[in-house]
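In our numbering, the protein residues as written are 45 to 209. Each remark here refers to the structure printed beneath this line.
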């Protein structure tokens, strides 16, 4: 799920709910998010203890104050993702905002592509975020681009609990 529009992560979590409805195991690694508690985190923690959710937890900012620390956090998060991608008991792995780790060169793209190519046959993966490169799009079975037509923030509406986080 890519593109400049809002809803990429939301769509990925919708697919996670669909998988859970069929009794399938889901793993989620959220790159970037983690300082401000999100609705999905609260719900998973309190209502879905069977879902493995890991958040990078750095509150990643676009204008980083410490690139080395951001890279270290990304690598730690990737280690969790890589374990999920090699575990055939996971039917779905959501790699939320992973594309930014590629765009900012926080993670080695060949390492990521190798793990995605070598995952168990029964496992689906959703990668969210803007960009991520043509190689990632080419190797995907499905690519959905979410386009922004209108966004409340541009009209002065600040992020809302339950809608934006």
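Glycine is no exception: its CB is placed at the ideal position from the N, C-alpha and C atoms. Since this is a predicted model, take the numbers as computed values, not measurements.
Asked	Found
8 Å contact criterion, which residue 13 and residue 96 should meet: CB distance rounded	For residue 13 there is no data in the structure shown, the boundaries of the chain being 45 and 209.
Three-state secondary structure (DSSP) of residue 186	coil
Proximity of residue 191 and residue 48 at Cβ, strictly below 8 Å	yes
Whether residue 133 touches residue 69 by CB criterion (8 Å)	yes
Buried versus exposed, by CB contacts within 10 Å (16 or more), residue 178	exposed
Proximal residues to residue 118 (C-beta, below 8 Å), its chain only, five neighbours per side dropped	75, 100, 145, 150 and 151
Sequence-distant residues of its chain with Cβ nearer than 6 Å to residue 147 (five each side left out)	175
Cβ pair residue 171, residue 136 closer than 8 Å	no
Residue 84 and residue 57 closer than 8 Å at C-beta	yes
Extent of the continuous beta strand (DSSP E) run through residue 82	Looking at the DSSP string, residue 82 is not in any beta strand (DSSP E), and its letter there is neither H nor E.
Residues of its chain near residue 98, where Cβ-Cβ distance is below 6 Å and the 5 sequence neighbours each way are ignored	73 and 124
Contact set for residue 203: own chain, Cβ-Cβ below 7 Å, skip 5 residues either direction	209
Cβ distance (whole Å) where residue 168 is taken to contact residue 45 below 8 Å	With 8 Å as the limit, residue 168 and residue 45 do not qualify as a contact, their Cβ atoms being about 13 Å apart.
Contact set for residue 181: own chain, Cβ-Cβ below 6 Å, skip 5 residues either direction	187
Presumed contact (8 Å Cβ cut-off) between residue 163 and residue 130, rounded CB distance	7 Å
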